[in-house]
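Each residue of the sequence shown is one higher than the one before, counting from 1 in full-length UniProt numbering. A virtual CB, placed ideally from N, CA and C, is assigned to each residue, including glycine.
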Amino acid sequence: MYRQITLHDSDFQRIVWRNSSFEPIQDFRLTRIAYGTSSTPYLAIKCLQQLALHESNNFPLASKAALKDFYVDDLMSGANSLSEALELQNQLTQMVSSAGLVLRKWASNCSELLNSIDSDMRLSNTSLNIDNDDTVKTLGILWHPASDVFYFKITPLSFEGTLTKRKLLSTIAKTFDPLGCFSPITIKYKTIMQRLWKQQLKWDERVPTDIKLEWEQLANDVQFVKDIKIPRFLLVDSDNLFHLFGFSDASEKAYAAAIYCRSVSDTGKINVQLIIAKTRVAPLKTVSFRRLELCGALLLIKLMDFTCKALNRPISQAQFYTDSTIVLSWIRSHASRWKTFVANRVAKIQTLSSATQWHHISGSVNPADLVTRGVSSSTLLTSIWLCGPKFLHETFPFQTDSSVPTLNDAVPEERYCTLQSIIVPNHLPDACIATKEVYVFPELDLNLTF
Numbered sequence: 001m002y003r004q005i006t007l008h009d010s011d012f013q014r015i016v017w018r019n020s021s022f023e024p025i026q027d028f029r030l031t032r033i034a035y036g037t038s039s040t041p042y043l044a045i046k047c048l049q050q051l052a053l054h055e056s057n058n059f060p061l062a063s064k065a066a067l068k069d070f071y072v073d074d075l076m077s078g079a080n081s082l083s084e085a086l087e088l089q090n091q092l093t094q095m096v097s098s099a100g101l102v103l104r105k106w107a108s109n110c111s112e113l114l115n116s117i118d119s120d121m122r123l124s125n126t127s128l129n130i131d132n133d134d135t136v137k138t139l140g141i142l143w144h145p146a147s148d149v150f151y152f153k154i155t156p157l158s159f160e161g162t163l164t165k166r167k168l169l170s171t172i173a174k175t176f177d178p179l180g181c182f183s184p185i186t187i188k189y190k191t192i193m194q195r196l197w198k199q200q201l202k203w204d205e206r207v208p209t210d211i212k213l214e215w216e217q218l219a220n221d222v223q224f225v226k227d228i229k230i231p232r233f234l235l236v237d238s239d240n241l242f243h244l245f246g247f248s249d250a251s252e253k254a255y256a257a258a259i260y261c262r263s264v265s266d267t268g269k270i271n272v273q274l275i276i277a278k279t280r281v282a283p284l285k286t287v288s289f290r291r292l293e294l295c296g297a298l299l300l301i302k303l304m305d306f307t308c309k310a311l312n313r314p315i316s317q318a319q320f321y322t323d324s325t326i327v328l329s330w331i332r333s334h335a336s337r338w339k340t341f342v343a344n345r346v347a348k349i350q351t352l353s354s355a356t357q358w359h360h361i362s363g364s365v366n367p368a369d370l371v372t373r374g375v376s377s378s379t380l381l382t383s384i385w386l387c388g389p390k391f392l393h394e395t396f397p398f399q400t401d402s403s404v405p406t407l408n409d410a411v412p413e414e415r416y417c418t419l420q421s422i423i424v425p426n427h428l429p430d431a432c433i434a435t436k437e438v439y440v441f442p443e444l445d446l447n448l449t450f
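As structure tokens, this is what we get:
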């Protein structure tokens with residue numbers, strides 16, 4: 001893509017080059033945007049966006065997809081029907097062709113759509129088998145077109161020789177889970193990383209025995225991750241009722257948030273599915289459990305705001321759940337009532353949501369609780385993590401506990417105000433001694449106070 005974008009006719013970019021050390025160094029003028037310059041990604045994306053805006057009347061479907069579904073030079077888009085998908089593919093091909101660009105490496109879960117594309121323009125392995133190493137990577141996520149699911153593959157965690165901090169952190173960094181679908185497993189990696197950092201080990205120093213044993217247990221468990229598959233498709237129909245439900249929780253080690261979508265088809269079929277999750281390890285500085293629960297609620301509201309913007313479709317309803325009644329009481333009170341730490345976070349939560357959207361849920365049915373504790377991959381397969389709690393599959397409205405107990409006046413996070421008042425009498429009683437009439441103070445053996 002970069003080599004197809006020409007620069008303005010100005011001699012401002014040059015490169016020195018020679019094919020061997022025996023040849024003299026030559027300098028060449030660059031006429032196309034080049035790898036390595038800081039402005040290159042912006043120029044490439046801006047050119048594509050400008051093309052979409054310029055051709056919006058001729059190719060409306062392609063223009064909309066180019067503005068919203070492109071990530072640099074990778075496109076992830078779709079349609080509700082085969083005819084619409086074919087039209088989108090045709091418009092995209094023509095639109096980018098008008099700028100001298102070509103879309104390659106096509107992959108789809110629809111064989112009819114692939115048949116309309118030349119074989120040299122498709123991915124070489126469109127018939128994929130999850131049991132083999134054949135994969136399609138979509139922005140780093142492994143996708144199986146035939147079954148239309150995302151799945152996860154983790155680098156083997158076992159090592160030969162000494163397990164050092166360098167080897168361990170290198171393996172953790174290779175774990176890529178942008179949607180957080182495997183957060184109950186990856187949170188264990190994050191806590192191990194934090195423990196290593198707290199112990200201030202050198203890079204090639206042997207890790208402690210307790211961490212090594214825990215890492216070996218993770219290595220034995222992670223082999224089952226390949227059995228976990230995440231459906232890509234969220235909705236049965238674009239006109240269905242679409243609700244979002246968020247859950248937050250915290251523990252001494254971490255706090256987390258998870259968001260689920262709930263759609264109902266025309267026939268009454270209910271589909272509940274995990275969309276995205278996010279985790280944070282607890283800070284090194286000691287923070288109270290209540291404050292960590294509040295941090296989880298703030299993480300949830302930010303994640304919900306991001307998700308709603310990314311989905312770019314009307315949301316019928318958005319609800320939030322936490323198992324902390326203290327946090328609910330904070331959210332349902334004015335932010336100025338609380339101390340700075342709580343007040344700032346409550347104010348942000350109240351800006352992005354209303355108090356009526358927040359509800360209480362038992363910790364036993366809170367899916368975010370799985371993340372804060374961390375579970376094995378075998379447990380994850382049979383838990384409520386992927387499909388949400390049972391009540392989301394029931395008929396709306398749900399029977400949830402929205403009552404919050406009244407906080408005691410002695411709540412530690414409450415900001416107390418001291419009110420001082422001065423009473424000024426209109427006249428002095430006759431029995432009161434007027435100080436202005438006392439001229440010889442040493443003779444006045446009294447303490448005059450008011």
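- Message: Along the chain, where does the beta strand (DSSP E) containing L163 start, and where does it finish?
- Response: As a position in the sequence shown, residue 163 is number 163, starting the count at 1. Note, L163: premise wrong, no beta strand (DSSP E); not H, not E.
- Item | Own chain, CB closer than 7 Å to A99, minus 5 neighbours either side, in chain order | Walking along the sequence shown from the start, residue 99 turns up at place 99. The residues are L51.
- Query: Any idea which residues DSSP pairs N271 with across the strands?
  - Reply: Stepping through the sequence shown from its first residue, residue 271 is reached at position 271. DSSP output for N271 lists S263 as bridge partner(s).
- Mind checking D249: buried by the 16 CB within 10 Å criterion, or exposed? As a working note, residue 249 is residue 249 in the sequence shown. Buried, because 16 or more other Cβ atoms sit within 10 Å of the Cβ of D249.
- Task: Find out if the Cβ-Cβ distance for the pair I276, A297 is shorter than 9 Å.
- Result: Stepping through the sequence shown from its first residue, residue 276 is reached at position 276. Stepping through the sequence shown from its first residue, residue 297 is reached at position 297. Going by C-beta atoms, I276 is not nearer than 9 Å to A297.
- Where the beta strand (DSSP E) through Y2 begins and ends: Within the sequence shown, the letter at position 2 stands for residue 2. First-last for Y2: undefined, no H or E at that position.
- Could you pull out every unbroken alpha helix (DSSP H) segment of at least 4 residues lying fully inside the region 145-233, listed in chain order? 165-173, 183-198 and 209-221
- Task: Taking 9 Å as the cut-off, decide whether the C-beta atoms of residue 457 and S324 are in contact.
- Result: Past the edges of the chain, shown from 1 to 450, lies residue 457, and the structure says nothing about it.
- Item | Per-residue DSSP class, three states only, for R29 | Here residue 29 refers to the residue found at position 29 when the sequence shown is read from its first residue. Reduced to three states, the DSSP call for R29 is strand.
- Could you tell me if T186 is buried or exposed, where buried requires 16 or more neighbouring beta carbons within 10 angstroms of its beta carbon? Within the sequence shown, numbered from 1, the residue matching residue 186 stands at position 186. Flag for T186 reads buried.
- Message: According to DSSP, simplified to helix, strand and coil, what is residue 474?
- Response: Missing from the structure shown is residue 474; the chain here goes from 1 to 450 and no further.
- Item | Inter-stretch contact at 8 Å, needing at least 3 Cβ pairs: the region 196-203 / the region 375-393 | no
- Is the region 200-215 touching the region 251-270, taking contact as three or more C-beta pairs under 8 Å? no
- Run through DSSP, which three-state label would H334 get? Working through the sequence shown from its first residue, we reach residue 334 at position 334. Note: H334 maps to coil in three-state DSSP.
- Rounded C-alpha distance that separates T6 from K105: Here residue 6 corresponds to residue number 6 of the sequence shown, with the count starting at 1. Here residue 105 corresponds to residue number 105 of the sequence shown, with the count starting at 1. If I take the Cα positions, the gap works out to 24 Å.
- Item | Coarse secondary structure for H393, derived from DSSP in three states | As a first step, residue 393 must be located in the sequence shown, where it is residue number 393. In this structure, H393 counts as helix in the three-state DSSP scheme.
- Locate the alpha helix (DSSP H) running through Y42, then write down its first and last residues. As a working note, residue 42 is residue 42 in the sequence shown. Counting along the chain, the alpha helix (DSSP H) containing Y42 begins and ends at T40 to H54.
- Query: Is the Cβ-Cβ distance between V72 and M1 less than 9 Å?
  - Reply: By 1-based counting over the sequence shown, the position of residue 72 is 72. By 1-based counting over the sequence shown, the position of residue 1 is 1. Taking 9 Å as the Cβ cut-off, V72 and M1 qualify as a contacting pair.
- Query: Would you say the region 367-376 touches the region 343-350, given that touching needs at least three Cβ pairs under 8 Å?
  - Reply: No, the region 367-376 does not touch the region 343-350.
- Item | 8 Å contact criterion, which K165 and E205 should meet: CB distance rounded | Translated into positions along the sequence shown, residue 165 becomes position 165. Translated into positions along the sequence shown, residue 205 becomes position 205. Between E205 and K165 the Cβ distance is about 6 Å, and since that is below 8 Å, they are a contact.
- Could you name the residues that DSSP lists as bridge partners for F245? Numbered from 1 along the sequence shown, position 245 holds the residue referred to as residue 245. F245 is bridged to Y260 and Q319.
- Please determine, among F233, I228, L169 and A282, the residue with the shortest C-alpha to C-alpha distance to I211. In the sequence shown, counting from the first residue as 1, residue 211 sits at position 211. Of F233, I228, L169 and A282, the residue nearest in Cα terms is L169.
- Item | Exposure label - I422; buried when at least 16 CB within 10 Å | Within the sequence shown, residue 422 is the residue found at index 422, counting from 1. Per the 10 Å Cβ criterion, exposed.
- Compute the distance between the beta-carbons of A343 and S353, then report whether it is under 9 Å. Here residue 343 refers to the residue found at position 343 of the sequence shown. Here residue 353 refers to the residue found at position 353 of the sequence shown. Not in contact: A343 and S353 (Cβ atoms no closer than 9 Å).
- A254 by DSSP, collapsed to three states: which one? By one-based count along the sequence shown, residue 254 stands at place 254. Note: A254 maps to strand in three-state DSSP.
- Close-in-space but distant-in-sequence residues of the same chain around I25 (CB under 8 Å, 5 per side omitted): Position 25 of the sequence shown holds residue 25. Once the five neighbours on either side are set aside, the close Cβ partners of I25 are V16, W17 and R18.
- Query: Nearest to K278 by alpha carbon, out of P145, S383, L179 and F28?
  - Reply: Within the sequence shown, numbered from 1, the residue matching residue 278 stands at position 278. The candidate whose alpha carbon is nearest that of K278 is L179.
- Top-ranked residue by Cα proximity to Y189, from V222, L82 and G161: Within the sequence shown, numbered from 1, the residue matching residue 189 stands at position 189. Closest option to Y189, Cα to Cα, is V222.
- By how many angstroms is the C-alpha of H144 removed from the C-alpha of residue 453? No answer is possible for residue 453: the residues shown for the chain start at 1 and end at 450.
- Message: Using the Cβ count rule (16 or more neighbours within 10 Å means buried), how would you classify T322?
- Response: Numbered from its first residue, the sequence shown carries residue 322 at position 322. So T322 ends up on the buried side.
- V281 in three-state terms, based on DSSP: Numbered from 1 along the sequence shown, position 281 holds the residue referred to as residue 281. DSSP places V281 in strand when its eight states are reduced to three.
- Query: If you drop the 5 nearest sequence neighbours on each side, which residues of the same chain put their C-beta closer than 7 Å to that of S108?
  - Reply: One-based indexing of the sequence shown puts residue 108 at position 108. Cβ neighbours of S108 beyond the five flanking positions: L114 and P145.
- Item | Terminal residues of the beta strand (DSSP E) in which V16 lies | To locate residue 16, count along the sequence shown from 1; it is residue 16. Its beta strand (DSSP E) spans residues R14 to W17.
- Task: State whether the region 32-40 contacts the region 56-63, with contact taken as three or more CB pairs (one from each stretch) at a distance under 8 Å.
- Result: For the pair of segments examined, the region 32-40 was found not to touch the region 56-63: the number of CB pairs separated by less than 8 Å stays below three.
- According to DSSP, is D74 helix, strand or coil? For the purposes of this step, residue 74 is taken as the residue at position 74 of the sequence shown. Looking at D74 - three-state DSSP - the assignment turns out to be strand.
- Query: From this set, L241, K253 and P314, which residue's C-alpha is nearest V287's C-alpha?
  - Reply: Indexing the sequence shown from 1 puts residue 287 at position 287. Comparing Cα positions, the closest option is K253.
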